[in-house]
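Since the structure comes first, as structure tokens, the remarks are kept for the end.
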Amino acid sequence: MLQLVNFTRSKLALKSAQQFSGGHHHNKVEGRIKVNDKIVWINVVPPDGIPRRIAGFENESLLEVINRGHVPGIYNECDGGDNELKPHQVPIDFYTSGAQCGQCQVVVADPWFDKLNKVLDFEDNRLLRTLTNTATNSRLACCVRVTPALNEMIVVIGNNRQGSGEFFTGTDPAAF
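Position 155 of the sequence shown, counted from 1, bears residue number 152 in this note's numbering, the numbering being contiguous throughout.
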């Protein structure tokens, strides 16, 4: 019995087990998987003025992150445009109608604005056609792709309501 225990602990037994399993090592994990390596934190200031910190994941749209966090002030009637390929996804579908409502407009703070994915033509046209004032750092949340470079990004949601039922008029400077 003692010899059997020593045999199972020996390197010979480990080598024979690897040969029996085919010698594959692709289930080997180097260290622990950290949740913080997978999460991108987004700081959102909605029209009610109460800042919120929301967890997002890589390669999803900022609109999905904001909707999952139940942040007020976003009225995404078109839900980011087409259902097949969203505006933030790669490869880009140049035949898409893209974002149609423009009611998910956000203002991104300066250090992170340069790290965003490029503005496509349909997003630029939609921002130019909005009835509300747009800042130079304005983007549509459905067109912004979340990447690890955007960790701790600060986003301000302005007055996005273009129809009836105004939630916030944007005339109170103390709200920002």
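Note that beta-carbon positions come from the ideal geometry of N, C-alpha and C, so glycine has one too.
| field | 7 angstroms Cβ shell around W38 - same chain, five flanking residues per side excluded | value | The residue labelled residue 38 in the question sits at position 41 within the sequence shown. So the qualifying residues of the chain are R50, A52, N148 and E149.
| query | When the Cα atoms are used, what is the spatial distance from L60 to I30? | reply | If you number the sequence shown from 1, residue 60 lands on position 63. If you number the sequence shown from 1, residue 30 lands on position 33. Distance between the alpha carbons of L60 and I30: 27 angstroms.
| field | CA-to-CA distance, L124 to I154, given in whole angstroms | value | Numbered from 1 along the sequence shown, position 157 holds the residue referred to as residue 154. Numbered from 1 along the sequence shown, position 127 holds the residue referred to as residue 124. Straight-line Cα distance between these residues: approximately 14 angstroms.
| At what residues does the alpha helix (DSSP H) containing I63 begin and finish? | Translated into the one-based positions of the sequence shown, residue 63 becomes position 66. Boundaries of the alpha helix (DSSP H) harbouring I63: L59 to R65, taken from the DSSP string.
| query | Helix, strand or coil: which one does DSSP assign to L189? | reply | Since the first residue shown for the chain is -2 and the last is 173, residue 189 is missing from the structure and cannot be characterised.
| message | How far does the alpha helix (DSSP H) with P48 in it extend, from its first residue to its last? | response | Along the sequence shown, read from residue 1 onward, the residue named residue 48 stands at position 51. It is not in any alpha helix (DSSP H) - P48 carries neither H nor E in the DSSP assignment.
| Pairwise C-alpha distance: A146 and P48 | What you label residue 48 is simply residue 51 of the sequence shown in a count that begins at 1. What you label residue 146 is simply residue 149 of the sequence shown in a count that begins at 1. Distance between the alpha carbons of P48 and A146: 21 angstroms.
| request: Take P69 as the anchor and find which of P43, N114, F119 and F54 has the nearest alpha-carbon. | output: For the purposes of this step, residue 69 is taken as residue 72 along the sequence shown, with counting starting at 1. Nearest C-alpha to P69: P43.
| message | Between D118, C75 and K112, which has its C-alpha nearest C98's C-alpha? | response | Residue 98 sits at position 101 when you count from the first residue of the sequence shown. The shortest C-alpha separation from C98 is found at C75.
| query | Under the rule that 16 or more other beta-carbon atoms within 10 Å means buried, what is E27, buried or exposed? | reply | Residue mapping note: residue 27 aligns to position 30 of the sequence shown, counting from 1. It counts as exposed.
| query | Which term fits V103, buried or exposed, when burial requires 16 or more other beta carbons within 10 angstroms of its beta carbon? | reply | Translated into the one-based positions of the sequence shown, residue 103 becomes position 106. By the Cβ-count criterion, V103 is buried, with 16 or more other Cβ atoms from all chains shown falling within 10 Å of its own Cβ.
| request: Rank D111, D107 and A96 by C-alpha distance to the C-alpha of R126 and give the top, closest one. | output: Here residue 126 corresponds to residue number 129 of the sequence shown, with the count starting at 1. Its Cα nearest to that of R126, the residue A96 stands out among D111, D107 and A96.
| message | For a quick check, are the C-beta atoms of C140 and L117 less than 8 angstroms apart? | response | Here residue 140 refers to the residue found at position 143 of the sequence shown. Here residue 117 refers to the residue found at position 120 of the sequence shown. Cβ distance < 8 angstroms, so C140 and L117 count as in contact.
| said: Using only the alpha-carbon positions, how far apart do N114 and R65 sit? | reply: Residue numbering aside, residue 114 sits at position 117 when the sequence shown is read from its first letter. Residue numbering aside, residue 65 sits at position 68 when the sequence shown is read from its first letter. Using only the alpha carbons, I get a separation of about 21 angstroms.
| field | Residues near F110 by beta carbon distance below 6 angstroms, same chain, minus five either side | value | The sequence position of residue 110 within the sequence shown is 113, counting from 1. So the list reads N134, once near-sequence residues are dropped.
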